[in-house]
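Protein chains in written order, with our numbering: chain A, 369 to 526; chain B, 369 to 526; chain C, 3 to 162; chain D, 3 to 162. The C-beta atom is built at its ideal place from N, Cα and C for all residues, glycine as well. Keep in mind the model is a prediction, meaning the values are calculated, not measured. Before any comments, here is the structure.
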Ligand SMILES: Nc1ncnc2c1ncn2[C@@H]1O[C@H](COP(=O)(O)OP(=O)(O)OP(=O)(O)O)[C@@H](O)[C@H]1O
Ligand SMILES: Nc1ncnc2c1ncn2[C@@H]1O[C@H](COP(=O)(O)OP(=O)(O)OP(=O)(O)O)[C@@H](O)[C@H]1O
Ligand SMILES: [Mg+2]
Ligand SMILES: [Mg+2]
């Protein structure tokens, strides 16, 4: 219904503004409706203002900025309705060291309401893990899974 | 002409096989023609066999494997006709530590015939650089370029 | 609900039965390029009822069944089980999907044979309906930025 | 030939004139997310005669001109110079491209006014014709794998 949709937009807009301000201190962000008169059909756009820069569409951001802004939108929606699980495949690939730290903070904030499954090549990202799994091919073409006990430092077959 | 095309295919096929064998020791690769009877119009396909696995099309490889196989094809063509410059924007993002080392070896092999301009977030990739440039925004929204003199350790404005 | 275990057997690069016992918080998977990390996520998607083979990075339905290596023959079937712990009373629910090379498929919820639609309905009630809401594929992290306005709207409606 | 210098003024996030003096071998550019690294590569492509604004990550031709920040006004023009050292006798060749907000463009080779076609013909003779042969954009490294067979053919023909 119209009322429900506009309430959802308002709540996600609020969340997007807050999460974005954590990731880009001094920046701002908003969820806008392309045609507010037609709530049942209107498309949705995301506009962001990076610290010290002008308002612009997500398209014009850099690779790393786009990744972080997309995650801010996703997590803003989770504030309203958490997903039971969230699966992220190498989302930290475009991020610099500082933004990897921001991502880690974001994951820690949401881990109580959402279970995360995350693939990464970044040693820093691994630091927030509650469980680490290694996958390897001891025999070519055959994958095996083992869990890594970081406190003990060695690995044991899963 | 037909003769020139089939000579090019043969030479690049040779190069692709050699470069691929360096990147994936024990693997093999080939450039194949979809319709060898029609040299003037035929499409070209790349098939690879990873060490211990079956022959397959590039599409079925993992993110990192696709990146490395694509680079092998590009450098195989450079063997035949080097490009004066080669510009690579964060091509090491999907690669693990071992494949970053393979990439570095590849760059070193071709740097005599091709000038490279490479963007990376990987400290390891920087190690092969002949010159390093930093880009920063001292004022929000305004980029400045400075060159980093690694022997001296400090940076000077470009 | 949270996912307690993923069990793979004959799925893509997993000819030997393998299992991953997950924690409630943040589970991180690491490993070399081509070792099978994204294959595990494909197994999770397939177990959740995904039918588009292109989403599973294949071109035909048999691409998800182990197709052999230099000393093993291709397998005849692939099987994935997902074990969820339901939030209330630690009750478990096991979703199993199995497919044969000839195209036959079997779906089970707690060993009871069901249709695909029963499986996806059940998962929907656990909040695992629209995949875009909880799954970001490799290389697609900027995709929210490039999605069209109507697609963004339909994603937003998931949050309602 | 090798590229000795890139000079930017008013192009994207470079309102103050900046230059990069390159070496023959491997030149590496580093910097935080959003600092302007890919913008430098866009400047290089634009200086080489690129006309598709989507390849330069813009939506209209003015997107390549500095559009202001919290204290600076948008600029009226963008200018990029590329200085090549030609292999034989260390002779230099300077390619300049300048565009104004009203859409006017100026092209120069060694300060001589030329048309865009003269610039791209000259660069073609230096071996800088088909961009796919020497430029991999951010996020596109696997693109050779996903290119169709006819596109792969046309790329292969560049090597002839
Ligand atoms: N049906 C199948 N049978 C056997 N092997 C398969 C099958 N489908 C895919 N593979 C293999 O799985 C490998 C890819 O695994 P995957 O994409 O999970 O790698 P990854 O660990 O995610 O690597 P990266 O870090 O590069 O992303 C490929 O080498 C491919 O050959
Ligand atoms: N015409 C313009 N005027 C001013 N700034 C611009 C203009 N066009 C793009 N920008 C800014 O340039 C920034 C993007 O720069 P760029 O894509 O070069 O970043 P990057 O250093 O490659 O980052 P990443 O590591 O995330 O890929 C954006 O924040 C954008 O606002
Ligand atoms: Mg992967
Ligand atoms: Mg970039």
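Close-in-space but distant-in-sequence residues of the same chain around residue i (CB under 8 Å, 5 per side omitted)
i	result
residue 468/A	460, 490, 492 and 493
residue 420/B	394
residue 404/B	410
residue 21/C	7, 8, 9 and 10
residue 498/A	479
residue 464/B	432
residue 62/D	55
Cβ shell of residue i (< 6 Å), same chain only, five flanking positions each side left out
i	result
residue 522/B	Bear in mind that a pLDDT of 48 at residue 522/B, under 50, signals an unreliable position, so the number given afterwards is only what the model happens to contain. Result list for residue 522/B: empty, nothing under 6 Å.
residue 70/C	76
residue 526/B	With a pLDDT of 48 at residue 526/B, under the threshold of 50, the modelled position of this residue cannot be trusted, and the question is left open.
residue 68/C	12, 17 and 77
residue 423/A	415 and 417
residue 142/D	none
Partner residues on chain D for residue i, Cβ-Cβ distance less than 7 Å
i	result
residue 464/A	34 and 35
Assigned exposure category for residue i - 16 Cβ within 10 Å defines buried
i	result
residue 104/C	exposed
residue 433/B	buried
residue 35/D	buried
residue 370/B	exposed
residue 29/D	buried
residue 139/D	buried
residue 374/B	exposed
residue 430/A	buried
residue 125/D	buried
residue 99/D	buried
Beta-carbon spacing of residue i, residue j below 7 Å
i	j	result
residue 162/D	residue 376/B	yes
residue 81/C	residue 12/C	yes
residue 388/A	residue 397/A	yes
residue 482/B	residue 508/B	no
residue 462/B	residue 129/D	no
residue 435/A	residue 150/C	no
residue 428/B	residue 414/B	no
residue 2/D	residue 502/B	Examination of residue 2/D is not possible in this model, given that chain D is present from 3 through 162 alone.
residue 457/A	residue 43/C	yes
residue 3/C	residue 89/C	yes
residue 455/A	residue 475/A	no
residue 360/B	residue 470/B	An answer regarding residue 360/B cannot be provided, because it is not within the stretch 369 to 526 covered by chain B.
residue 412/A	residue 437/A	no
residue 58/C	residue 97/C	no
Proximal residues of chain C, C-beta to C-beta of residue i below 8 Å
i	result
residue 433/B	35 and 36
Sequence-distant residues of its chain with Cβ nearer than 7 Å to residue i (five each side left out)
i	result
residue 5/D	24, 84 and 86
residue 78/C	102 and 103
residue 116/D	109 and 110
residue 478/B	443 and 446
residue 154/D	none
residue 518/A	500
residue 118/C	51 and 109
residue 504/A	512
residue 135/C	157 and 160
residue 64/C	103
Chain A contact residues for residue i, given Cβ-Cβ distances below 9 Å
i	result
residue 509/B	418, 419, 420, 421 and 422
Proximal chain A residues relative to residue i, where beta-carbon distance stays under 8 Å
i	result
residue 139/C	457
residue 71/D	420, 421 and 422
residue 18/C	510 and 512
Proximal chain A residues relative to residue i, where beta-carbon distance stays under 7 Å
i	result
residue 461/B	461 and 462
Partner residues on chain B for residue i, Cβ-Cβ distance less than 8 Å
i	result
residue 40/C	430 and 431
Residue i Cβ short of 6 Å to ligand 6 heavy atom set
i	result
residue 39/D	Looking for ligand 6 in the displayed structure turns up nothing; the ligands present are ligand 1, ligand 2, ligand 3 and ligand 4.
Beta-carbon neighbours of residue i, restricted to chain D and to distances below 9 Å
i	result
residue 409/A	Correct list: empty, because the minimum Cβ distance to chain D is about 24 Å.
residue 467/A	34 and 35
Neighbour list for residue i in chain B, Cβ cutoff strictly below 9 Å
i	result
residue 126/D	Per Cβ cutoff of 9 Å: no residues; residue 126/D is ~12 Å from chain B at best.
Neighbouring residues, chain D, relative to residue i (Cβ below 8 Å)
i	result
residue 392/B	The premise fails here: residue 392/B is roughly 14 Å from chain D at the closest Cβ pair, so nothing lies under 8 Å.
Can you confirm whether the segment 437-453 of chain A touches the segment 381-393 of chain A when touching is taken to mean that 3 or more C-beta pairs between the two stretches lie within less than 8 Å?
yes
So, does the segment 475-488 of chain B touch the segment 28-45 of chain D, judging by three or more C-beta pairs under 8 Å?
yes
Is it a yes or a no for the segment 146-161 of chain C touching the segment 45-52 of chain D, going by three-plus beta-carbon pairs under 8 Å?
no
Does the count of Cβ pairs from the segment 495-515 of chain A and the segment 15-25 of chain C closer than 8 Å reach three?
At 8 Å Cβ cutoff, the stretches touch.
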